[in-house]
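> Protein chains in written order, with full-length UniProt numbering: chain A, 1 to 313; chain B, 1 to 540. Where a beta carbon is used, it is the ideal one built from N, C-alpha and C, also for glycine. Next up is a structure, given as structure tokens.
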Amino acid sequence: MTDAITVSDLTKTFGDVRALDRLNLTVRAGEVHGFLGPNGAGKSTALRVLLGLLRRDSGEVRVLGGDPWRDAVALHRRLAYVPGDVNLWPNLSGGEAIDLFGSLRGGLDKARREELIKRFKLDPTRKCRTYSKGNRQKVALVAAFASDVELYILDEPTSGLDPLMEAVFRDCVEEARRAGRTVLLSSHILAEVEALGDRISIIREGRIAESGTLAELRHLTRTSMSVETARPITGLDALSGVHDLHVDGTRARFQVDAEQMGAVQRHLAELDVRTLTSTPPTLEELFMRHYGDRPEPPGDRDAEATAARAGRA
Amino acid sequence: MGAFTGTARLARLALRRDRVQLPVWLVALTVTVAASASSVTSLYDTEQERRSYALTNAGSAVSRVFNGGLAEPSAGAIAMAETFSFAGVLIALMSLMAVVRHTRQNEETGRAELVGAAVVGRYAMLTAALLVTVAANAVLALLLAGALVAAGLPVAGSLGAGLAFGAVGTAFAGIAAVTAQVSQSARGANGLAGAVLGLMFLLRGIGDGLAEPTDGGLRVVSLWPSWLSPLGWGQQMQPYTGGRWWVLGLYAAFFAAMVWTAYRLTDHRDVGTGMMPVRRGPATAPRGLLSPFGLAWRLQRGVLLGWGAGVAVMAVSMGVLGDEAEELLGGNEDLEQYFAELGGGGANLVSAYFATITALFGIVITGYTVQALLRIRAEETGPLEAVLATAVSRPRWMLSHITCAVLGTVALLLLTGLGHGLSYGLVAGDMSQTPDLLGAALAQLPATLALAGVVVAVLGLLPRWAVALSWTALIGCLFTSQLGPVLELPQAVMNISPFTHVPYLPVADPAATPMVVLTAVGAALIAMGIGAFRNRDLAL
Chain A
1 MTDAITVSDL TKTFGDVRAL DRLNLTVRAG EVHGFLGPNG AGKSTALRVL LGLLRRDSGE
61 VRVLGGDPWR DAVALHRRLA YVPGDVNLWP NLSGGEAIDL FGSLRGGLDK ARREELIKRF
121 KLDPTRKCRT YSKGNRQKVA LVAAFASDVE LYILDEPTSG LDPLMEAVFR DCVEEARRAG
181 RTVLLSSHIL AEVEALGDRI SIIREGRIAE SGTLAELRHL TRTSMSVETA RPITGLDALS
241 GVHDLHVDGT RARFQVDAEQ MGAVQRHLAE LDVRTLTSTP PTLEELFMRH YGDRPEPPGD
301 RDAEATAARA GRA
Chain B
1 MGAFTGTARL ARLALRRDRV QLPVWLVALT VTVAASASSV TSLYDTEQER RSYALTNAGS
61 AVSRVFNGGL AEPSAGAIAM AETFSFAGVL IALMSLMAVV RHTRQNEETG RAELVGAAVV
121 GRYAMLTAAL LVTVAANAVL ALLLAGALVA AGLPVAGSLG AGLAFGAVGT AFAGIAAVTA
181 QVSQSARGAN GLAGAVLGLM FLLRGIGDGL AEPTDGGLRV VSLWPSWLSP LGWGQQMQPY
241 TGGRWWVLGL YAAFFAAMVW TAYRLTDHRD VGTGMMPVRR GPATAPRGLL SPFGLAWRLQ
301 RGVLLGWGAG VAVMAVSMGV LGDEAEELLG GNEDLEQYFA ELGGGGANLV SAYFATITAL
361 FGIVITGYTV QALLRIRAEE TGPLEAVLAT AVSRPRWMLS HITCAVLGTV ALLLLTGLGH
421 GLSYGLVAGD MSQTPDLLGA ALAQLPATLA LAGVVVAVLG LLPRWAVALS WTALIGCLFT
481 SQLGPVLELP QAVMNISPFT HVPYLPVADP AATPMVVLTA VGAALIAMGI GAFRNRDLAL
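So this is what it looks like as structure tokens:
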């Protein structure tokens, strides 16, 4: 398999601020690649360098085999971009903006355009000044997905969409994947990347902190366990790899490193396990670990994760 | 919580946001009025010159349409005629834009929602906007009164004139308070208030244009349409002629009525919505839009059409006035000397008049060029990111806007020349001047291109400073060309302005060298600006 995007040691500074600091990123052709990071981590800056909108200070960047700065126009015929903050012209209608972007990119599929407008429930006759953030994003998404391109670069494309529209968006990404297109999807929404991404790169303070498939990244973190035994629980605190232990007589909640799982299970077996639940780490936990904070007790954290999902919806 | 809770805080916020903009307006207006008033007191310093001004005013409908009627042949009344009409329009613009900026624009950008969720009453935002604008007009009234006194005019009359200026601004603050409720966009609210301003100018123009001369042509009495317009009231107040001070009450009543209406409208609408239906657009784009040039034209055509209408009206009016140039200028030595200093010495007065007027049009129309080119910067902070992510190169995109701006400039200069030539030809029965006047207008193009080059170079090299630097350059040119000869600025300073090098057509002989040099400089600067833009980061 060839690579759609390769970035090595990319550095970009604005004045004293080092927005990208020796960033490395590889996106394989045909995959949906999640580009995950908190606000201000450098996601948009990296994408703008990939598009030749910003000039790199140092490092190597190849997009679809070309140099994004030198070959910008030729490359842009083969890719579609949805900016994080979609700015449109207030006095153009949404339909006009879609046609304009499509045509400047080299033409768009009329039937596909109509279909997408219907699916996203967009009114193309409204002037762009009357659109909400979500509607402006729909305009950019319709223009992008109605174009016949090899690579989609999407910068937090769902931040203004409601859950129904988010589902439509996921379908569109799925269709692109099945058609063999490459998608680079930046997001700070973990569930989105978890649902769509074949592989994930996590960016923090301008550097890639982790990169791999979801399965590869899971080993990096701890499994949450909650157990009830017949005999009082003792001795868990003596085992290495057990964290955040809360013992209450015959019940215990804790986290365990993946490589110590066997030892912990052997220890528990002797205590006569009645119930045992173990939760695989979510990306929230991956994030928590990468961005500093100590994970909270599992119960609270589950509630919080649920709340976070609900809040997003 | 009352409906006005938070007004004081919002007013302070508005003042903070306007801490540069409003003072610049106030100083610029004061300087303009002061310069104009002191030129009146020095140009019309004898009884005879004042009588001749009065007779011209009584005899020329066009000059009354622009300046209003003359209340009496005194220096104060002449200063009112020379300043009130145009400065009144500028003050109205300052005021209506300030009100819209602090009301509808906040709603459009979503700031109002954020503010409205805090402890802020329903009327607070509108009240704060009005407070700030009325305060600015009060300060302006005092500044202008001071400026008029400094020019040597009577104190009581100057105070009245200053108050009349401030009252015009206040009236239009009231009008904007209403239009900001009616339209859903700031642009629409400004446009609507601007349309009212145009209508008010028209009403005053009709009332004054059709005014009846009395007292052997030494004073005129305006017809009733002048009394329908807040722009007319200030002149009808006749501050230097005894003064109808009760007219200030008319302003107060008008302002109160507008503010009352605006508050009632606020009660009946939701935040962010307007009263006018939002127009829809086509579901698919017309073919003409689908290119960088098509897009640039679409974005710039509204501005160009507005300028076209304004330039056409002004050019035709100035052309008609050309026939009266002999009358207007003859007999006043000071004015003849003024035209001589500007370079038209010795030639016939009509040609000198058109040479001076055309040069002024050239610089004013460059205002369009600058405005159109600065669209490039506005796009860069807006949708440009998405456009350059398509298969459009940076030079191609930038050249589309530059081409649009330059073609628009050529069109406006053609309108100027044709307007001057045809209207003068019709009135004077002499069409033979038209080609010369057209040539004189087009001769301004190289200088305009040179300044366009400066704007494009700044856009490429110093994008964040482009707006400020470009307008400063234009104002510098306007200043040197209009006041340079009078102030006897050194030639080296005058030479910085490209407009200094334009041959004084149709009086002087056409000269090819300065035209070629100016065009080459403009082209080189444009190429440099595009090159710099191509090699830098987008300054989002």
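(1) In whole angstroms, give me the CA-to-CA distance for residue 100/A and residue 132/A.
(2) Short of 7 Å in beta carbon distance, which residues of its chain neighbour residue 5/B, apart from the five on each side in sequence? Order them along the chain.
(3) Compute the Euclidean distance between the alpha carbons of residue 173/A and residue 386/B, then round it to the nearest angstrom.
(4) Could you check the C-alpha separation between residue 57/B and residue 238/B for me, to the nearest Å?
(5) Residue 57/A: which of 66/A, 235/A and 21/A sits nearest, CA to CA?
(6) Who are the near neighbours of residue 151/B in its chain, counting only those whose CB is closer than 8 Å to its CB and skipping five residues on each side?
(7) Relative to chain A, which residues along the region 378-391 of chain B have a C-beta separation below 9 Å, given in chain order?
(8) Given this structure, state the Cα-to-Cα distance separating residue 67/B from residue 199/B, to the nearest angstrom.
(9) Only counting the same chain, and skipping five residues up and downstream in sequence, which positions put a Cβ closer than 6 Å to that of residue 456/B?
(10) Give me whichever residues DSSP pairs with residue 152/A in a beta bridge.
(11) Residues of chain B with CB closer than 9 Å to the CB of residue 135/A, please, in chain order.
(12) Compute the Euclidean distance between the alpha carbons of residue 431/B and residue 444/B, then round it to the nearest angstrom.
(13) Just reading off the alpha helix (DSSP H) that residue 514/B is part of, what are its end residues?
(14) Strictly under 8 Å for the Cβ-Cβ distance: is residue 106/A near chain B by that measure?
(15) Taking beta-carbon pairs under 8 Å, can you tell me which members of the region 270-281 of chain B lie near chain A?
(16) Between the region 90-101 of chain B and the region 133-144 of chain B, are three or more C-beta pairs nearer than 8 Å?
(17) Count the C-beta pairs between the region 254-264 of chain B and the region 188-203 of chain B that are closer than 8 Å, then say yes if the count reaches three, no if not.
(18) Give the secondary structure of residue 389/B by DSSP, where H, G and I count as helix, E and B as strand, and everything else as coil.
(19) DSSP puts residue 213/B in a beta bridge; with which residues?
(20) Return yes when the Cβ of residue 273/A is within less than 8 Å of the Cβ of residue 227/A, no when it is not.
(21) Output the distance between the C-alpha atoms of residue 344/B and residue 11/B, rounded to the nearest integer angstrom.
(22) Looking at the strands, I want to know which residues DSSP matches up with residue 200/A.
(23) Any residues in the region 393-407 of chain B with a beta carbon nearer than 7 Å to a beta carbon of chain A? Which ones, in chain order?
(24) With 8 Å set as the bound, which would you pick, yes or no: does the beta-carbon of residue 114/B sit closer than that to a beta-carbon of chain A?
(25) Rounding to the nearest angstrom, what Cα-Cα distance links residue 39/A and residue 17/A in this structure?
(26) Residue 103/A by DSSP, collapsed to three states: which one?
(27) Please look up how many angstroms separate the CB atoms of residue 182/A and residue 4/A, rounded, as I've assumed it's under 8 Å.
(28) If you drop the 5 nearest sequence neighbours on each side, which residues of the same chain put their C-beta closer than 7 Å to that of residue 247/B?
(29) Checking contacts by CB at 8 Å: is residue 93/A closer than that to chain B?
(30) For the region 440-466 of chain B, enumerate the residues whose C-beta is nearer than 8 Å to any C-beta of chain A, in chain order.
(31) Spatial neighbours of residue 206/B within its chain, please: C-beta separation below 7 Å, excluding the five flanking residues on both sides.
(32) Within a Cβ cutoff of 7 Å, which residues of the same chain sit near residue 381/B, ignoring the five residues on either side of it in sequence?
(33) Which one of 270/A, 244/A and 231/A has the shortest CA to CA distance from residue 224/A?
(34) Can you check DSSP and say which residues form a bridge with residue 285/A?
(35) If you drop the 5 nearest sequence neighbours on each side, which residues of the same chain put their C-beta closer than 6 Å to that of residue 351/B?
(36) For residue 84/A, which of 97/A, 23/A, 179/A and 161/A has the nearest alpha-carbon?
Short version:
(1) Taking the first residue of the first sequence as position 1, residue 100/A is located at position 100. Taking the first residue of the first sequence as position 1, residue 132/A is located at position 132. Straight-line Cα distance between these residues: approximately 20 Å.
(2) Residue 5/B sits at position 5 when you count from the first residue of the second sequence. 119, 120, 121 and 124.
(3) Counted from its first residue, the first sequence places residue 173/A at position 173. Counted from its first residue, the second sequence places residue 386/B at position 386. The straight-line gap from Cα to Cα measures roughly 20 Å.
(4) Translated into positions along the second sequence, residue 57/B becomes position 57. Translated into positions along the second sequence, residue 238/B becomes position 238. Their Cα atoms are separated by approximately 16 Å.
(5) Stepping through the first sequence from its first residue, residue 57/A is reached at position 57. Residue 21/A is the option with its Cα nearest to residue 57/A.
(6) Position 151 of the second sequence, counted from the first residue, corresponds to residue 151/B. Hits under 8 Å: 34, 37, 38, 40, 41 and 79.
(7) 379, 381, 382, 383, 384, 385, 386, 387, 388, 389, 390 and 391
(8) Within the second sequence, numbered from 1, the residue matching residue 67/B stands at position 67. Within the second sequence, numbered from 1, the residue matching residue 199/B stands at position 199. Taking the straight line from one Cα to the other gives about 16 Å.
(9) If you number the second sequence from 1, residue 456/B lands on position 456. Excluding residues within five positions, the ones whose Cβ falls inside 6 Å are 526 and 529.
(10) Counting from 1 along the first sequence, the entry for residue 152/A is found at position 152. In DSSP, residue 152/A forms a bridge with 80/A and 183/A.
(11) Start at 1 with the first residue of the first sequence, and residue 135/A comes out as number 135. Chain B residues near residue 135/A: none, gap ~13 Å exceeds 9 Å.
(12) Along the second sequence, read from residue 1 onward, the residue named residue 431/B stands at position 431. Along the second sequence, read from residue 1 onward, the residue named residue 444/B stands at position 444. If I take the Cα positions, the gap works out to 22 Å.
(13) Residue numbering aside, residue 514/B sits at position 514 when the second sequence is read from its first letter. That run of the alpha helix (DSSP H) goes 512-534.
(14) Start at 1 with the first residue of the first sequence, and residue 106/A comes out as number 106. So yes, residue 106/A belongs to the interface.
(15) 278, 279, 280 and 281
(16) yes
(17) no
(18) For the purposes of this step, residue 389/B is taken as the residue at position 389 of the second sequence. Residue 389/B: coil per DSSP, three-state reduction.
(19) Start at 1 with the first residue of the second sequence, and residue 213/B comes out as number 213. The partner list for residue 213/B (beta bridge, DSSP) reads 220/B.
(20) As a first step, residue 227/A must be located in the first sequence, where it is residue number 227. As a first step, residue 273/A must be located in the first sequence, where it is residue number 273. Yes. Within cutoff.
(21) For the purposes of this step, residue 344/B is taken as residue 344 along the second sequence, with counting starting at 1. For the purposes of this step, residue 11/B is taken as residue 11 along the second sequence, with counting starting at 1. Summary for residue 344/B: the model assigns pLDDT 48, below 50, so the residue's position carries little reliability, and this model does not support an answer.
(22) Indexing the first sequence from 1 puts residue 200/A at position 200. Answer by DSSP bridge pairing, in chain order: 34/A and 212/A.
(23) 393
(24) As a first step, residue 114/B is located in the second sequence; it is residue number 114 there, counting from the start. Answer no: the Cβ-Cβ gap between residue 114/B and chain A never drops below 8 Å.
(25) Position 39 of the first sequence, counted from the start, is the residue given in the question as residue 39/A. Position 17 of the first sequence, counted from the start, is the residue given in the question as residue 17/A. Residue 39/A and residue 17/A: Cα-Cα distance of roughly 15 Å.
(26) Your numbering for residue 103/A matches position 103 in the first sequence. Here residue 103/A sits in helix by DSSP.
(27) In the first sequence, counting from the first residue as 1, residue 182/A sits at position 182. In the first sequence, counting from the first residue as 1, residue 4/A sits at position 4. The Cβ separation is near 4 Å, so the contact holds.
(28) Reading the second sequence from its first residue, position 247 is the one you call residue 247/B. Within the same chain, residue 247/B has close Cβ partners 233, 236 and 237.
(29) Taking the first residue of the first sequence as 1, we reach residue 93/A at position 93. Interface residue, yes.
(30) none
(31) Here residue 206/B is taken as the residue at index 206 of the second sequence, counted from 1. Excluding sequence neighbours, residue 206/B sits near 225.
(32) Indexing the second sequence from 1 puts residue 381/B at position 381. Within the same chain, residue 381/B has close Cβ partners 540.
(33) Walking along the first sequence from the start, residue 224/A turns up at place 224. Closest by alpha carbon: 244/A.
(34) Numbered from its first residue, the first sequence carries residue 285/A at position 285. Bridge partners of residue 285/A: none, in fact.
(35) Start at 1 with the first residue of the second sequence, and residue 351/B comes out as number 351. Cβ within range, chain order: 506 and 507.
(36) Taking the first sequence and counting its residues from 1, the one referred to as residue 84/A is at position 84. Ranking the options by Cα distance to residue 84/A, first place goes to 161/A.
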